[in-house]
Structure formats: C-alpha cells, structure tokens
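Quick notes on the structure that follows.
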Ligand SMILES: [Zn+2]
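Numbering (my numbering), first residue to last: 6 to 261.
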C-alpha cells in the first residue's frame with residue numbers, strides 16, 4: 006500500500022453462525038473503500054445493524070454468498086425499506102449464486118413485475134467471475150457447501166480481503182485467498198475433524214490452516230456457532246495459523 010492508498014474498511018454487522026445469537030445478528034459485513042460501500046451477506050438482523058453505520062441509500066451493491074437465511078434473509082428487509090422508504094436509488098445491484106433469487110422472492114410472493122424486482126438488480130455469479138463496484142474489484146469462487154455458495158474477494162488500493170461465505174474443507178476458497186492481505190473466514194465448529202464432523206463447515210483449526218497456507222497477514226474468524234465459547238476457537242486457530250486471530254464481533258471495524 007503506497008502512502009496515498011486508502012485502506013479497505015471491513016465492518017462487522019453480525020457474525021453469528023447459523024442463526025442470530027444474543028446481541029449478534031447472523032452474517033453480514035460492510036466492505037468500504039473511499040466512497041464505495043458494499044453490503045456483503047444479508048443475514049437476519051444485519052439490515053438493522055447496517056443503519057447504525059450507513060444510510061441504506063449509500064449501499065452501492067450487495068453480495069449474497071448463498072440462500073441460507075443466516076446469509077440472505079434481510080434482503081427482504083432491504084426490499085421493504087427501498088420500496089416504501091423515504092427515498093432510494095434503485096435498483097441496487099445484487100450479486101449472488103444461481104438458484105438463489107426465487108427462494109428469496111417467494112418470501113414476498115414476488116413474481117413478474119413485482120416491485121421487489123424493481124428495488125434490486127439480481128446478477129448470478131460463479132467461479133472466476135469478476136465485477137468492479139466503484140473502487141473495489143470483486144472476484145468470486147465456489148465453495149464446498151450443500152447449496153450453490155460463493156466466496157468473495159475484495160481488492161482496492163493494493164490491499165485485499167477474501168470472505169469464505171460458508172464452506173467445508175476444499176472448494177474454491179483456499180485458491181481465492183492466495184495473495185490476500187486478510188482472511189475473513191468461517192470457523193463454525195471446534196475440535197479435530199472426525200468421521201461425524203459436519204463436512205460443509207470449517208473447524209477453527211482448519212480456518213487457521215487455510216489462512217496460514219495462503220500467507221495472509223491477518224485472520225478474522227467469523228460464523229462461530231452461538232453455542233460455542235469463542236476463546237476455544239481462538240486457541241485452536243492460533244495453533245494452526247501461527248499467531249492470534251481476530252474475532253469478528255458486531256460493530257467492529259478493521260482496516261485492511
Ligand atoms: Zn451460515
């Protein structure tokens with residue numbers, strides 16, 4: 006980063022894995038650089054949190070990793086605001102994997118010329134796709150999850166952060182993360198992997214390994230199940246990452 010480059014600002018709206026937890030919405034982040042604002046994942050409760058940081062009208066684009074409600078439910082809240090709120094420049098571009106729009110639209114029985122489709126411009130993305138949103142270049146990869154899911158990498162001013170979305174071991178996230186400054190990586194579960202371990206999420210130790218293998222400067226753990234003690238996740242990720250990771254907590258802003 007040269008002296009004139011502005012950092013990427015990553016703000017955690019919510020980080021609770023699978024569902025909201027006490028005082029913590031489900032997954033959602035603001036990724037900002039200069040005048041550009043991207044809302045990355047719209048899990049339950051994140052639209053309320055977003056309004057603590059930005060005017061919804063200033064959201065330049067939305068990225069949704071997949072159709073599970075802890076990552077997409079608040080698109081419906083955003084629709085309600087943009088369709089019936091005080092103002093709004095619409096449609097707002099939304100980037101999301103295939104077969105994701107219809108389940109979300111069905112919440113409000115949106116079909117055909119429904120106003121839902123006037124508030125957001127849906128664009129399906131997959132592995133290798135790239136878009137430029139303001140000053141931020143975004144690239145996608147597909148992850149190891151039971152429904153179509155994209156990880157997303159954000160690059161600006163010579164800095165970059167890649168978000169895992171939800172993923173088990175393998176998939177496209179490790180490759181997407183190569184050369185990044187920081188990893189925002191899910192660590193839904195704890196302990197060593199064994200035959201009964203859920204295959205479509207990462208353990209904290211695995212998140213540390215993925216980040217170490219990619220050579221990132223910084224690891225931010227997210228999507229911890231709300232039933233877990235995060236101190237254990239930090240310990241397990243520290244053992245494999247080689248230094249102490251950050252924990253994504255709601256309201257925190259990181260400069261990447
Ligand atoms: Zn999830």
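Every residue, glycine too, gets a C-beta built ideally from N, C-alpha and C.
Backbone CA spacing between residue i and residue j [nearest angstrom]
i: residue 55; j: residue 49; result: 11 Å
i: residue 89; j: residue 95; result: 12 Å
i: residue 192; j: residue 70; result: 16 Å
i: residue 45; j: residue 66; result: 9 Å
i: residue 133; j: residue 85; result: 32 Å
i: residue 171; j: residue 12; result: 25 Å
i: residue 127; j: residue 72; result: 13 Å
i: residue 10; j: residue 119; result: 42 Å
i: residue 240; j: residue 249; result: 8 Å
Buried versus exposed, by CB contacts within 10 Å (16 or more), residue i
i: residue 114; result: exposed
i: residue 37; result: buried
i: residue 19; result: buried
i: residue 160; result: buried
i: residue 32; result: buried
i: residue 178; result: buried
i: residue 236; result: exposed
i: residue 40; result: exposed
i: residue 57; result: exposed
Residue span of the beta strand (DSSP E) that contains residue i, given as start and end
i: residue 171; result: From DSSP, residue 171 is part of no beta strand (DSSP E); its letter is neither H nor E.
i: residue 263; result: Missing from the structure shown is residue 263; the chain here goes from 6 to 261 and no further.
i: residue 16; result: 14 to 19
i: residue 157; result: 155 to 161
i: residue 146; result: 141 to 147
i: residue 99; result: 97 to 101
i: residue 116; result: Element bounds for residue 116: n/a, residue is neither H nor E.
i: residue 254; result: No beta strand (DSSP E) contains residue 254, which DSSP labels as neither H nor E.
Residue range of the alpha helix (DSSP H) that includes residue i
i: residue 236; result: 235 to 246
CB contact below 8 Å: residue i versus chain B
i: residue 250; result: Judged by its chain identifiers, the structure shown contains no chain B, having just a single protein chain.
What are the complete beta strand (DSSP E) segments, minimum 3 residues, inside the stretch 42 to 84? 66 to 68
Secondary structure, beta strand (DSSP E): runs of 3+ residues fully inside the stretch 170 to 211: 187 to 191
Considering only heavy atoms of ligand 1 and the C-beta of each residue, which residues fall inside 5 Å, strictly closer? 75 and 171
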